[in-house]
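*Asks:* Heads up: the sequence shown at position 16 corresponds to 16 in the working numbering, and the numbers run straight through without jumps. Even for Gly, the Cβ is constructed at its ideal location relative to N, Cα and C. Treat the numbers as computed from the prediction; the structure is a model and nothing was measured.
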Amino acid sequence: MNDRQFTILCSLITFILSLFSSLLIKAYDNSKAKKKQKYNEFYREFYIIWNKIHQGRAYDFTDLKKADRESVVDFLLEHYYYASKKLQILIYELKTARLDNFGNNNSENKRICNQCYREIIGYMTDKEQKYRKKYNNINY
């Protein structure tokens, strides 16, 4: 192999490696940006809504005012694409069990709503607290 072929081969290998590393770095940056966006638009915003309506008085979904219940469900439905599979199932159960005034005040539907709401709150507040330090230095 002469010097010219060696130089071409080295240049080609360098180009391929730099292209590959650039793609990996870009993918990593995109992933990081998406996670930050998910935190800001989903977990943090939900935490703010929950904190405003909770204020130490309502632990169950049925304890909330109707307007507050609707704002929670509307938010979850608007941001459904951010939710994990498990969370999507809980959101769907909460959404359907609350319809028709909890199925004409059916106690089973109320129980389902309260259980789903507690699980959603637990999941969302845990995630918000987990990512709070990572994405901003604000402590609520």
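1. Give me the residue from R57, E108 and K52 with the minimum Cα distance to S71.
2. Does the distance from the CB of K127 to the CB of Y59 come in under 7 Å?
3. Let's see if you can read the secondary structure: which residues bound the alpha helix (DSSP H) around T96?
4. For Y47 and T125, which I take to be in contact (beta-carbon distance under 8 Å), what is that distance rounded to the nearest angstrom?
5. If the criterion is Cβ atoms closer than 7 Å, does the pair C116 and L99 meet it?
6. Which residues mark the beginning and the end of the alpha helix (DSSP H) in which N106 is found?
7. Shortest alpha-carbon distance to N101 belongs to which of S11, A67, Y28 and S18?
*Replies:* Result, derived from the coordinates:
1. K52
2. no
3. K85 to A97
4. 6 Å
5. no
6. That residue, N106, is in no alpha helix (DSSP H); it is neither H nor E in DSSP.
7. A67
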